[in-house]
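Read the structure below first, then the notes.
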Amino acid sequence: MNTRYLDEGFPLLHWATEVEAVCPKCNEVGVFSGNPYWKDWHATFFCHGCSHSLQTDRDGWHGPVLGMGRRPCSTCGHQWVRVEKVFDDASKINGESTKSKCPQCKSENEVSLKFTRTEPTDHAIDPFFGLELALKEDTRHGTVWAYGATHLEQLKLYTSAQLREGDGTKWSYFTRHPKWLKTSKNRKMVLKAISKLEKRLITNKGSG
Ligand SMILES: [Zn+2]
Ligand SMILES: [Zn+2]
0 MNTRYLDEGF PLLHWATEVE AVCPKCNEVG VFSGNPYWKD WHATFFCHGC SHSLQTDRDG
60 WHGPVLGMGR RPCSTCGHQW VRVEKVFDDA SKINGESTKS KCPQCKSENE VSLKFTRTEP
120 TDHAIDPFFG LELALKEDTR HGTVWAYGAT HLEQLKLYTS AQLREGDGTK WSYFTRHPKW
180 LKTSKNRKMV LKAISKLEKR LITNKGSG
C-alpha cells in the first residue's frame with residue numbers, strides 16, 4: 000500500500016484541462032476541455048444532457064459577481080444609499096442598476112452598480128465560466144470538490160497518504176489546501192466523500 004504522496008507543486012489550474020460542471024441550461028453534467036495556461040487560455044464546455052455548448056472566445060462569465068454602488072438619496076439627500084449584493088449568475092443580469100431603500104427616509108432609489116467577479120464560499124466553480132462544479136460533496140467541515148477524474152485521483156492519493164512530501168511552494172494546490180482537508184483526523188471523512196464523487200465521475204482517470 001502506497002502511503003507516501005509526493006507533491007509536484009502543481010497549482011490548482013493544472014487540473015483544469017478537464018472539468019465536470021453543471022449545465023446552466025438543464026442542470027445535467029457537462030464536461031469542459033480547457034487550456035488553463037494564461038497564454039492560450041481557452042475552454043469549450045459541452046453538456047451531456049442537452050448539448051448546450053459554451054466557448055471562452057464567445058461566451059462570458061456565468062459565475063457569481065459582486066455588484067456595488069452608492070448614491071445620495073434623491074428624496075432627502077442622505078449620504079449614502081448603498082448596495083452591495085452578490086448575484087449568482089453574471090449572465091442573467093439585466094441592466095446595471097437596482098432599487099434600494101434610503102436608510103433615512105425609506106424612499107426607493109435607483110442605484111447603479113459596478114460588478115466584480117467573486118467566488119462562492121466553497122470555491123467550487125470552474126475557472127473559465129464560473130459554473131458550479133458537478134463533483135462536489137458537502138461534509139461537516141466543508142465541501143470536498145474536484146474538477147475531473149485526474150484531479151480527484153490525486154486528491155485521493157494525497158488524502159490517503161500517511162506521509163506527504165514535496166516542494167511546498169506557495170502556489171501548490173496542496174499547500175493552499177484548507178487545514179480541515181489536510182488533517183489526518185478528517186482522513187476517513189474526506190475519503191468517504193471522495194469515494195462518493197468517484198461513483199459520479201463521467202470523465203476517465205488519466206485522460207486529463
Ligand atoms: Zn444542458
Ligand atoms: Zn432619503
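Numbering (numbering that gives the first Met the number 0), first residue to last: 0 to 207. Each residue gets a CB set at the ideal place from its N, CA and C atoms; glycine is no exception.
Please state whether DSSP places residue 124 in a helix, a strand or coil. strand
Could you give the distance in angstroms between the alpha-carbon of residue 200 and the alpha-carbon of residue 153? 14 Å
Roughly how many angstroms separate the alpha carbons of residue 130 and residue 89, rounded to a whole number? 10 Å
Tell me whether the beta-carbon of residue 85 lies closer than 8 Å to the beta-carbon of residue 70. no
State yes or no: is the C-beta of residue 240 nearer than 7 Å to some heavy atom of ligand 2? What the structure shows of the chain is the stretch from 0 to 207, and residue 240 is not part of that stretch, so it cannot be assessed.
Does residue 70 come out as helix, strand or coil in the three-state DSSP assignment? strand
Taking the alpha carbon of residue 43 as the reference point, which residue from 137, 128, 191 and 151 has its own alpha carbon closest? 128
Any heavy atom of ligand 2 within a distance shorter than 7 Å of the CB on residue 99? no
Going by the C-beta, is residue 39 closer than 7 Å to any heavy atom of ligand 4? With respect to ligand 4, the structure shown offers nothing to examine, as its ligands consist of ligand 1 and ligand 2.
Below 7 Å, is the gap between the Cβ of residue 61 and the nearest heavy atom of ligand 1? no
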